[in-house]
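Here the structure is laid out as structure tokens; the discussion comes afterwards.
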Amino acid sequence: DDDIRTSMAQHGAIETLADACLAAQHPGTSPDWRGAAGGSGEGSSGSEGAPDRYIRLREQAARGLGNLAVCDRLEGRIVATPAVSALIGLLAEGDEAASDAALGSLANLVGNEEMRLQFVGCGGIELLHGPIT
2 DDDIRTSMAQ HGAIETLADA CLAAQHPGTS PDWRGAAGGS GEGSSGSEGA
52 PDRYIRLREQ AARGLGNLAV CDRLEGRIVA TPAVSALIGL LAEGDEAASD
102 AALGSLANLV GNEEMRLQFV GCGGIELLHG PIT
């Protein structure tokens, strides 16, 4: 319910989930990034060499943002974080489950004009061709 979502947001859930969406997008943000796949590439999902666990973390964080985004009063707060660009980054990586989570979250934010401007400005329209076809 919206009261629970709002309470979660007041305790930092939006920022934490936005940060988690970026966890492996920028390798320097994770201290064990290079060793996470055992140094041999094992456990990689194929998305820019990111270990599978980082892709799954980002997928679940995207789903969490989407859950919070159904609360209209939180849309602006979500859009004010790096969440939109992080979600667009998930689309660009091509992992099917992560793309699905990102699209769901972005769909929940589509009523926000600033999100739509960010989406277009970050190349989101061009990325939709891949998941739809």
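For the sequence shown, position 8 (counting from the first letter as 1) is numbered 9 according to the working numbering, and the numbering increases by one without interruption. C-beta: ideal position from N, C-alpha, C; glycine also.
- Taking all protein chains shown into account, S100 has 16 or more neighbouring C-beta atoms within 10 Å of its C-beta and is therefore buried.
- Its Cα nearest to that of R6, the residue G65 stands out among E60, G65 and R57.
- Taking 8 Å as the cut-off, the Cβ atoms of F120 and I79 do not count as close.
- Distance check between A21 and each of A108, E60 and H130 places E60 closest, using alpha-carbon atoms only.
- Its chain contains I89 as the residues whose beta carbon lies nearer than 6 Å to that of G125, once the 5 sequence neighbours on both sides are disregarded; these appear in chain order.
- Collapsing the DSSP output to three states places D2 in coil.
- For L92, the enclosing alpha helix (DSSP H) has its first and last residue at A84 to E94.
- The count of Cβ pairs closer than 8 Å, one atom from the region 66–73 and one from the region 90–97, stays below three, leaving the stretches out of contact.
- In the three-state scheme derived from DSSP, where H, G and I count as helix and E and B as strand, G112 is classed as coil.
- For L110, the closest C-alpha among the options D3, V71, E16 and A19 is that of V71.
- Out of D3, E115, D53 and S106, the CA that lies nearest to the CA of G77 is found in E115.
- The DSSP-derived three-state label of H130 is helix.
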